[in-house]
Amino acid sequence: MKKVVIIGAGASGMFFALNINTDKYDVTILEKNKIAGKKLLMTGNGKCNFWNEDMTIKHFHSNENLDSIISDDLIREIPKIFDKLSIEKKNKNGYYYPFTNKASTIKDTFLEEIENKNIKIRYNYDVLNIEKTSDGYLINNEIKADILVIATGGLTYPKTGSNGEGINILQKLGHDVIQPLPSLVQLISTKKEYLKAWHGIREDAKVSLYINDKLIKEESGELQLTDYGISGICVFNISRDASIALYEKKKVEVKIDFMPFCNDVVKYLKEKNTKLSILSMLKRIINETLAKIILDESHIKYNVLVKNLSDNELERLEKNIKEFNLEIINTKSFDNAQVTRGGISLKDVNSKFESKKCKNLYIIGEALDVDGDCGGYNLAFAFMSAYKASKGLNDD
Ligand SMILES: Cc1cc2nc3c(=O)[nH]c(=O)nc-3n(C[C@H](O)[C@H](O)[C@H](O)COP(=O)(O)OP(=O)(O)OC[C@H]3O[C@@H](n4cnc5c(N)ncnc54)[C@H](O)[C@@H]3O)c2cc1C
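Per this note's numbering: the sequence shown = residues 2 to 397.
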């Protein structure tokens, strides 16, 4: 029987294990932590958003074309496996979670299945070195494998075990690496007095990402204002492009629309109760502290009556309500990011995720140059790549 060694008992490593045919292969998992799925347990704030109703290719990103990687057939297969595992799911606005609302349900179910298949997991085993031999691979100079599966993840939340070691090892074996960068991450703006004051405010807003003065992407949702800049799912979803642009030393700005429901703020204010002071008026729409910041930035006194605002004042106010400008100087680091943009180039794997550089070596999950939007897409890719690789071997 051929010996398969999986490195990493995270989302992709475990999913590969529970789909591989153990009548055909002798399977072992090597995991550096003392438990499996440390990152999986943190996903979706511990609730694990593992899938999405809108599972389409536009939510996945890579330097390469993903058409041959993420097919409709593959997308259809994964929910079937969750059904077979009897994991009851719940759909919250298109986002799928286990019905228990607990990531541990997914992890425990995976582990139970893996144990039922008599797959061994060796914990506290840190793979530092892989050598290609004439008939397979030698791990840390002691463990032999005929077939190797690298499921070591990306670089985010390195305390969970995925610190980029796997990517480094693959690079030494001749694979190309697309620059890893933090993605689905908070954005840091230039230092401003008002950042301290607005820390903790949450507003329903639209954020628009400008790179070198060109509009690149718009996202709406709950925006979190922080003492370093901005956060929230809408920010995470523009952070990938921001991260790449910052790495390329381009000018990055985010314009915030605090009244996305209204196209003409001047008309809106004039039509409303113009006997109110402008602060009283704005307080009815947005947080009071934020209203004061917007008025300060517009050089307008809080107690001016709306009807007495000059055309110039109205123009400045509209600009700061609809296009509050933040110059972005950095992203938060890998310690805070949810996913890694970049990793092993897809040019180096075939559609079954086998390396083109090293025969019988498979690369799955976040170690590859594929990342998804917020909404279950990153776990979805971990599962899809793991399933496809295992199927390739089962059909061999
Ligand atoms: C806070 C947070 C929340 C997230 N929430 C979501 C969400 O709700 N939905 C979603 O789709 N995605 C989410 N993600 C992203 C998702 O968790 C990852 O994309 C996914 O876990 C990647 O799976 P993976 O198997 O490739 O890597 P991982 O899950 O990181 O697993 C890699 C495993 O390999 C082990 N390992 C690494 N190197 C070695 C080595 N050298 N030797 C031995 N073992 C090694 C690690 O210890 C780890 O157990 C979130 C991420 C974070 C950080």
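Built from N, CA and C at the ideal position, the CB exists for glycine as well.
Proximity of residue i and residue j at Cβ, strictly below 9 Å
{"i": "F259", "j": "E204", "result": "yes"}
{"i": "F325", "j": "K215", "result": "no"}
{"i": "G47", "j": "G154", "result": "no"}
{"i": "L280", "j": "Y303", "result": "yes"}
{"i": "G45", "j": "Y96", "result": "yes"}
{"i": "V1", "j": "N274", "result": "Residue 1 lies beyond the residue range present for the chain, which begins at 2 and ends at 397; the question has no answer from this structure."}
{"i": "S63", "j": "I365", "result": "no"}
{"i": "P183", "j": "S346", "result": "no"}
{"i": "L188", "j": "I245", "result": "no"}
{"i": "V6", "j": "L149", "result": "yes"}
{"i": "K389", "j": "K353", "result": "yes"}
{"i": "M282", "j": "E78", "result": "no"}
{"i": "L310", "j": "V266", "result": "no"}
{"i": "A104", "j": "G38", "result": "yes"}
{"i": "G373", "j": "A381", "result": "yes"}
{"i": "A368", "j": "G167", "result": "yes"}
{"i": "L42", "j": "K108", "result": "yes"}
{"i": "E89", "j": "P99", "result": "yes"}
{"i": "T29", "j": "K3", "result": "no"}
Own chain partners of residue i with C-beta closer than 7 Å, once the 5 adjacent residues on each side are dropped
{"i": "Y269", "result": "C263"}
{"i": "I286", "result": "M260"}
{"i": "E116", "result": "none"}
{"i": "D127", "result": "K33"}
{"i": "N141", "result": "V128, L129 and N130"}
{"i": "D349", "result": "H176, D177, S356, K357 and K358"}
{"i": "G377", "result": "N50, F51, W52, N53, Y96 and Y97"}
{"i": "L210", "result": "I217, K218, I239, D242, A243 and V255"}
{"i": "I71", "result": "I58, F61 and M385"}
Residue i - DSSP class collapsed to helix/strand/coil
{"i": "E316", "result": "helix"}
{"i": "N344", "result": "According to the sequence as given, residue 344 is Gly; it is not Asn. Looking at G344 - three-state DSSP - the assignment turns out to be strand."}
{"i": "D372", "result": "strand"}
{"i": "H60", "result": "helix"}
{"i": "E220", "result": "strand"}
{"i": "G137", "result": "strand"}
{"i": "S299", "result": "coil"}
{"i": "V307", "result": "helix"}
{"i": "A246", "result": "helix"}
{"i": "F259", "result": "coil"}
{"i": "R285", "result": "coil"}
{"i": "T157", "result": "coil"}
{"i": "D267", "result": "The sequence shown places Val at residue 267, rather than the Asp named in the question. Helix."}
{"i": "N326", "result": "strand"}
{"i": "Y124", "result": "coil"}
{"i": "Q225", "result": "strand"}
{"i": "E194", "result": "coil"}
{"i": "T29", "result": "strand"}
{"i": "A338", "result": "coil"}
{"i": "T332", "result": "strand"}
{"i": "L112", "result": "helix"}
{"i": "A206", "result": "strand"}
Option in the options with minimal Cα separation from residue i
{"i": "K358", "options": "T161, I122, D147 and D177", "result": "D177"}
{"i": "N395", "options": "C235, I234, Y26 and K4", "result": "Y26"}
{"i": "E219", "options": "Y138, I70 and I234", "result": "I234"}
{"i": "E54", "options": "D397, G393 and C375", "result": "C375"}
{"i": "C391", "options": "V5, N20 and K93", "result": "According to the sequence shown, residue 391 is Ser rather than Cys. Out of V5, N20 and K93, N20 has the C-alpha closest to the C-alpha of S391."}
{"i": "F237", "options": "E223, L112 and N361", "result": "E223"}
{"i": "V371", "options": "A37, F17, D68 and D24", "result": "D68"}
{"i": "L247", "options": "N213, M282 and G230", "result": "N213"}
{"i": "E194", "options": "G38, L210, A206 and Y229", "result": "Y229"}
{"i": "I58", "options": "L42, M15, I76 and K323", "result": "I76"}
{"i": "K1", "options": "G162, G344 and K207", "result": "Because residue 1 is not part of the residues shown, which for the chain are 2 to 397, the question remains open."}
{"i": "T110", "options": "G165, A18, K293 and D24", "result": "A18"}
{"i": "T101", "options": "N337, S87 and L369", "result": "S87"}
{"i": "K192", "options": "R342, E316 and L327", "result": "L327"}
{"i": "D74", "options": "M56, E114, E65 and K85", "result": "M56"}
{"i": "V340", "options": "N169, N351, G165 and E298", "result": "G165"}
{"i": "K293", "options": "E272, N321, K271 and N379", "result": "N321"}
{"i": "A387", "options": "G11, K3 and K4", "result": "G11"}
{"i": "I122", "options": "K133, K81, Q180 and K35", "result": "K35"}
{"i": "K133", "options": "P159, G343, K173 and N66", "result": "K173"}
{"i": "I82", "options": "K197, K4 and E114", "result": "E114"}
Same chain only: Cβ atoms within 8 Å of residue i, ignoring 5 sequence neighbours per side
{"i": "L291", "result": "W199, I202, E204, L226 and F259"}
{"i": "I295", "result": "F259, L283, I287, L318, N321, I322 and F325"}
{"i": "I231", "result": "Q187, L188, S190, V208, L224, Q225, V255, I257 and L327"}
Residues near residue i by beta carbon distance below 6 Å, same chain, minus five either side
{"i": "K118", "result": "T23"}
{"i": "N331", "result": "I189"}
{"i": "Y363", "result": "V150, F354, E355 and A390"}
{"i": "L315", "result": "V267"}
Minimum Cβ-Cβ distance from residue i to chain E less than 9 Å
{"i": "I120", "result": "No chain E is part of this structure, which consists of one protein chain only."}
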